[in-house]
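For the record, in the sequence shown the residue sitting at position 12 is 19 according to the working numbering, with numbers rising by one throughout. All C-beta atoms in this analysis are idealised placements derived from N, C-alpha and C, irrespective of residue type, glycine included. These numbers were taken from a predicted model, which means no experiment stands behind them. Structure first, then comments.
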Amino acid sequence: MPNEDSFAKRIREIRGSTLESGDVHTFQVNVGLICNQECHHCHHRAGSERDELMDRDTMMAIVVKAKEAGVKTVDITGGAPEMVPHIKEFILALKNNGHRIMFRTNLTAFLDEPYRDFPHFLSEIGVEVIASLPCYYKEETDCLRGDGVFHKSIEGLKVLNGLGYGIKKGLPLHLVYNPYEPFLPPPQQDLEKDYKRILRENHGIEFTDLYSITNMPMGRFLDDLREKGLEEEYMKLLTDNFNPDTVEALMCLGQINIGWDGKLYDCDFNQAMGMDISIGGAKNIVDIDAENIPKRPILTGDHCFGCSAGSGSSCGGALVDKE
Ligand code: SF4
Ligand code: SF4
Numbered sequence: 008m009p010n011e012d013s014f015a016k017r018i019r020e021i022r023g024s025t026l027e028s029g030d031v032h033t034f035q036v037n038v039g040l041i042c043n044q045e046c047h048h049c050h051h052r053a054g055s056e057r058d059e060l061m062d063r064d065t066m067m068a069i070v071v072k073a074k075e076a077g078v079k080t081v082d083i084t085g086g087a088p089e090m091v092p093h094i095k096e097f098i099l100a101l102k103n104n105g106h107r108i109m110f111r112t113n114l115t116a117f118l119d120e121p122y123r124d125f126p127h128f129l130s131e132i133g134v135e136v137i138a139s140l141p142c143y144y145k146e147e148t149d150c151l152r153g154d155g156v157f158h159k160s161i162e163g164l165k166v167l168n169g170l171g172y173g174i175k176k177g178l179p180l181h182l183v184y185n186p187y188e189p190f191l192p193p194p195q196q197d198l199e200k201d202y203k204r205i206l207r208e209n210h211g212i213e214f215t216d217l218y219s220i221t222n223m224p225m226g227r228f229l230d231d232l233r234e235k236g237l238e239e240e241y242m243k244l245l246t247d248n249f250n251p252d253t254v255e256a257l258m259c260l261g262q263i264n265i266g267w268d269g270k271l272y273d274c275d276f277n278q279a280m281g282m283d284i285s286i287g288g289a290k291n292i293v294d295i296d297a298e299n300i301p302k303r304p305i306l307t308g309d310h311c312f313g314c315s316a317g318s319g320s321s322c323g324g325a326l327v328d329k330e
């Protein structure tokens with residue numbers, strides 16, 4: 008197990024300084040931790056019992072701040088964002104201000120009432136969809152996400168394809184892979200080819216591209232590692248595979264992450280770790296001077312090795328070609 012500031016040390020060796028943010032182009036907004044699933048790898052331990060939900064006032068404050076900050080992208084995540092009240096109003100307001108909107112779905116929440124019209128709503132206004140599918144086979148997906156989730160996810164993908172997602176220009180459908188065992192993702196491009204071939208042959212499904220994401224040592228995934236006595240081994244895997252080429256591409260450099268209560272973080276993983284920050288003296292998005300967002304030091308920890316191992320990892324997939 009590396010000592011507490013070993014990631015910061017590695018960064019300093021490479022950059023001559025610790026990690027600092029650049030221009031902010033993305034607000035990543037976690038609208039709440041409620042979810043219809045309880046996946047083994049969930050870094051937030053989301054589930055149906057979680058009652059942390061972003062309220063309408065916070066959503067509307069984000070709409071104003073995103074416009075003032077001039078961010079290109081608003082990336083909406085959860086939990087299952089479909090299940091959060093006022094979410095459609097939030098998305099419409101962001102869309103009206105011209106942001107690129109990314110919406111992360113687990114592919115099953117929108118199969119149930121009252122969320123069934125969600126894919127249609129998203130397609131009508133051209134929101135990008137990022138959908139979790141940890142494997143193209145049932146056994147691995149169900150093992151990670153729960154019994155029956157694979158078949159439901161395929162049903163969800165067919166709904167999205169039926170609306171043109173992954174097929175029509177302007178309706179991209181990005182799939183997300185993450186390993187179902189404590190290993191690093193294989194090369195993203197190779198995996199994408201396998202996903203395309205197998206999902207097409209077995210289910211007639213099309214999608215735009217694949218994001219491969221490393222499981223972070225936190226939340227339920229860490230619980231599992233500890234239960235199996237594999238925490239130390241996994242941390243060694245991450246640190247042994249530290250790739251300096253990933254450093255300037257780390258997603259925290261260009262984004263601010265906002266929690267359900269408006270608190271500010273460098274990324275969704277730091278949010279799960281409770282590592283909130285202040286930006287220009289503001290601890291909540293409501294109070295931030297969005298027209299003058301200063302550069303800030305990034306809070307790091309051992310878990311950051313999850314972003315810098317191998318090809319690197321982010322909410323947008325691998326960071327560099329295979330080392
Ligand atoms: S990983 Fe996603 S779908 Fe699974 S419990 Fe967490 S938020 Fe829900
Ligand atoms: S965990 Fe967050 S802060 Fe750490 S390197 Fe990854 S994106 Fe940056």
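query = Say the cut is 7 Å; is the CB of residue 228 nearer than that to a heavy atom of ligand 2?
reply = Checking every heavy atom of ligand 2 against the Cβ of residue 228, none is found closer than 7 Å.
request  = For the stretch 168-214, list the alpha helix (DSSP H) runs that are entirely contained and at least 4 residues long, ordered along the chain.
outcome  = You should have 195-210.
task = Return yes when the C-beta of residue 222 is under 7 Å from any heavy atom of ligand 2, and no when it is not.
result = No, Cβ of residue 222 sits at least 7 Å from all heavy atoms of ligand 2.
For ligand 1, residues whose Cβ lies under 7 Å from any non-hydrogen atom = Any residue whose Cβ sits closer than 7 Å to a heavy atom of ligand 1 makes the list: 42, 44, 45, 46, 48, 49, 51, 53, 54, 85, 86, 87, 113, 139, 152.
query = Can you tell which of 239, 229, 105 has its C-alpha closest to the C-alpha of residue 280?
reply = Minimum Cα distance to residue 280 is reached at 229.
query = Under three-state DSSP, which class holds residue 138?
reply = It is a strand residue.
ask   = Nearest to residue 137 by CA position, among 194, 109, 208, is which residue?
value = Of the residues 194, 109, 208, the one whose Cα lies closest to the Cα of residue 137 is 109.
8 Å CB neighbourhood of residue 289 in its chain, flanking five on each side removed = So the qualifying residues of the chain are 271, 295, 296.
inquiry  = On the criterion of 16 or more Cβ atoms from any shown chain inside 10 Å, does residue 224 qualify as buried, or is it exposed?
reply    = Residue burial is scored here from C-beta neighbours: residue 224 has at least 16 other C-beta atoms within 10 angstroms and is therefore classed as buried.
query = Looking at C-beta atoms only, is the number of pairs between the stretch 58-67 and the stretch 29-41 that lie closer than 8 Å three or more?
reply = Because the criterion of three Cβ pairs below 8 Å is met, the stretch 58-67 and the stretch 29-41 touch.
Runs of beta strand (DSSP E) wholly within the stretch 252-326 (minimum 3 residues, chain order) = Whole beta strand (DSSP E) segments, 3+ residues: 262-265.
ask   = Using DSSP with H/G/I as helix, E/B as strand and the rest coil, what is residue 83?
value = In the structure shown, residue 83 sits in a strand (DSSP, three-state: E or B).
Cut-off 7 Å between Cβ atoms - residues of its own chain near residue 45, not counting five sequence neighbours on either side = 54, 153.
ask   = Do residue 20 and residue 305 have their CB atoms nearer than 8 Å?
value = For residue 20 and residue 305, no; Cβs fall outside 8 Å.
ask   = When the Cβ atoms of the stretch 231-248 are set against those of the stretch 204-216, are three or more pairs found closer than 8 Å?
value = Short answer: they don't touch.
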